[in-house]
């Protein structure tokens, strides 16, 4: 592979480092009502069959199928039958259900049946819902509404889930007046999207000792130190991390985001140094911090955007040696075209785009008509 | 179009009814930190330019571009320069930035420059980030992390968003012992997924008067009445709604879910009658209740699953006159195949599936090799 530019580490090297350092957290037990969007830590198995007994699949009359033999509109049979609601247990001796509107009661307490039924017709058989030896849901599943529903049906009221990663945000105090903290609110919503919890957000003075001290505090599974990641006079984040623990990587061939750094606190928690400028902060988060948080929480590692292979209508230029993020707009005919880049309009490039392409550092870009993999924003 | 079976209303008719009755709610103002995943009610425009002034795009030395003319490695120029951090305002008289590692200070307080720069090089121009006449984000946008970030950058601290729909769940008390409420927890997570809030969840006796009374209570934007929707002896939900307000539609050609009903309270709030059996409850929610909640909350109306056109490897059979939901599994080669249906294994069919196909009532299904539109579960 072509080397990254200027002695920067490649995105791939940095991702491998993240994958080696960020390990899935322990399990905890939560009530079913709090389990949505959590990751199941272990397989859920059930001991008892679902349904617990043979049950009516619809509203109707429970009958003995044998007795319906020969029934037809020309030969209506008057049979003993018991009205049942969908989901109700079949009464003893009954093994099929005539739908409510296919039968009617006679005056003698019986029911007139005009169809022959086979045993099991319109019946949910005991145990039929569990296909594979009691396995209800596999460990590692991100729990959605249907999983919550099947657990409730199986009377599973507590679930073992992977702990939510606790994320500490340390903002290196802004060195200039009038600057607003656009990174804090954005990071908070990114972290929540990825299943993490912001356990603390502190702003500290932009000095090596203050930053080192902030990095030494415990209580979180990962620390994001925002700002001061460059090589300028008041950029103290990298030396502070080196002093407080380990600075493993500083400077990655990613644009925007090249001043990002990776390392660990002395207690071993991963630390991501995120650049202060919002667009660089976003992409350093997306490629590294977000992946680490998703790993800690047991989620799938890929970016949480749907991806799709489409055609680009215009040439896309990229620098060899840098992984570049190119914002794109969707065209009505299903292709995409590049829009105003991050280098020109900062974070607004992401706001104006429908999605983005990640152009690897080995590529100079794409000619018009090339197939590209695009990640699309849902929101 | 072919008529629905048995005098049932078509899914299309029911959807049109929902779309006519469920209207987008009013706006409310929320702090930026609470705005993620909310729907913006109005356009956000900014009065002041972003960036507020010409600013350094990267860490470096601010210079006057004119003075760099002629600079090269063979002709290094010693120029007056001021070190700036990325994002910092350009000092007066400076109009370009030399990257930090392309220059170095000499001993005389100046900086040695070896590249000629044009005015604006490595500068974020005042106002450059806002492309279209102050428009930051369009009304109707579902706010994601990048929108939160751009608002923070523009110092927008309160946002006008569409109110979250308040949903009242009324469970018709189960008529049989030992039955568990699998619908309540599942509905709660579906409602939250669609941006709603469960304002109240009550379980009431399964009698017409008790249900009517429960439907008359106010305080919510929509009511979901669960269970008792069939035509059996203890199915009182439809008559209760007719008594308490308006029963507009009862019985829809949807499988699972055909006993679903639609109507309004006397105060005009939409009511969806959801069948009790979990699979039927799920699909009646997905096609009607969920759509109503998404409409109330200003969200896109489509099902919140990504869809994709794929090939089916096996024949899929469906009944004419019924819209049927067919669970499918993804095959490694990108096609799908039908898996155990809802009619056989109930809600477990959704748990075991990777996604589903909605087969319209005009279709008898698909032969192997047909192109079908599949909705894929993310979780």
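Protein chains in written order, with this note's numbering: chain F, 1 to 379; chain U, 1 to 379. Built from N, CA and C at the ideal position, the CB exists for glycine as well.
Chain F contact for residue 80/U (CB, 8 Å cutoff): Not one chain F Cβ lies under 8 Å of residue 80/U.
Using only the alpha-carbon positions, how far apart do residue 326/U and residue 363/U sit? Approximately 13 Å, taken between the alpha carbons.
On the premise that residue 61/F lies in contact with residue 82/F, defined as a C-beta separation below 8 Å, what is that separation, rounded to the nearest angstrom? 7 Å
With three or more C-beta pairs closer than 8 Å as the rule, is the region 133-143 of chain F touching the region 96-115 of chain F? No, they do not touch.
My assumption, with CB atoms under 8 Å, is that residue 223/U sits in contact with residue 172/U. Please give the rounded CB distance. Not really, about 12 Å apart at Cβ, beyond 8 Å.
Three-state secondary structure assigned by DSSP to residue 189/U: For residue 189/U, the secondary structure class from DSSP, reduced to helix, strand or coil, is helix.
Could you check where the alpha helix (DSSP H) with residue 151/U kicks off and where it finishes? 145-153
Contact list for residue 335/F against chain U, beta-carbon separation under 9 Å: Result: empty, since nearest Cβ-Cβ is about 16 Å, beyond 9 Å.
Three CB pairs or more closer than 8 Å across the region 51-61 of chain U and the region 108-127 of chain U: yes
CB contact check: residue 306/U to chain F, cutoff 8 Å: yes
Short of 6 Å in beta carbon distance, which residues of its chain neighbour residue 212/F, apart from the five on each side in sequence? Order them along the chain. 240, 243 and 244
Would the region 157-170 of chain F and the region 20-32 of chain F be scored as touching if the rule is three or more Cβ pairs under 8 Å? yes
Residue 102/U, DSSP secondary structure in three states: helix
What does residue 225/U reach in chain F if we use C-beta pairs closer than 8 Å? Residues of chain F passing the Cβ test: none, with the nearest at roughly 16 Å.
Within 8 Å of any Cβ in chain U, is that where the Cβ of residue 134/F sits? No - not a single Cβ of chain U is within 8 Å of the one on residue 134/F.
Would you call the region 143-150 of chain U and the region 35-50 of chain U in contact, with 3 or more CB pairs under 8 Å? yes
Using beta carbons (cut-off 8 Å, strictly below), is residue 144/U in contact with chain A? No chain A appears in the structure shown, which is made up of the protein chains F and U.
Would you mind listing the alpha helix (DSSP H) stretches within the region 209-241 of chain U that are 4+ residues and don't spill past its ends, in chain order? none
For the region 344-356 of chain F, which residues have a CB atom closer than 8 Å to at least one CB atom of chain U, in sequence order? 344, 345, 346, 347, 348, 350, 351 and 352
Between which residues of its own chain and residue 421/F is the CB-CB distance below 8 Å, once the five residues before and five after are set aside? Look at the range of chain F in this structure, 1 to 379, and you will see that residue 421/F is not part of it.
Do three or more CB pairs link the region 303-320 of chain F to the region 346-354 of chain F at distances below 8 Å? These segments do not touch.
Minimum C-alpha distance to residue 194/U - residue among 69/U, 298/U and 251/U: Just measuring C-alpha positions, the residue of 69/U, 298/U and 251/U sitting nearest residue 194/U is 298/U.
Considering only residues of the same chain and omitting the five flanking positions on each side of residue 250/F, which have a CB-CB separation below 6 Å? Taken in chain order, the residues that qualify are 238 and 261.
Give, in chain order, every residue of the region 148-160 of chain F whose Cβ lies closer than 7 Å to some Cβ of chain U. 148, 149, 150, 152, 153 and 155
When you compare the CB of residue 359/F with every CB in chain U, is at least one pair closer than 8 Å? no
Excluding the five sequence neighbours on either side, which residues of its own chain have a C-beta within less than 7 Å of the C-beta of residue 358/U, listed in chain order? 323 and 325
Taking residue 16/U as part of the alpha helix (DSSP H), name the residues at either end of that continuous run. 11-21
How many Å lie between residue 233/F and residue 113/U at the Cα? If I take the Cα positions, the gap works out to 18 Å.
DSSP three-state assignment for residue 290/U, whether helix, strand or coil: helix
Using the beta-carbon of each residue, which ones in chain U are nearer than 9 Å to residue 231/F? The answer, in chain order, is 59, 100 and 101.
Just by C-beta distance, which residues in the region 81-96 of chain F are closer than 9 Å to chain U? 83, 84, 85, 86, 87, 88 and 89
For a test of the three-state rule: what should DSSP assign to residue 73/U, helix, strand or coil? coil
Please report the distance separating the alpha-carbon of residue 254/U from that of residue 170/F. The straight-line gap from Cα to Cα measures roughly 53 Å.
Cβ neighbour criterion (16 or more within 10 Å) applied to residue 69/F: exposed
In chain F, which residues lie with their C-beta within 8 Å of the C-beta of residue 192/U? Under the 8 Å cutoff, chain F gives 36.
Which one of 201/U, 300/U and 291/U has the shortest CA to CA distance from residue 11/U? 291/U
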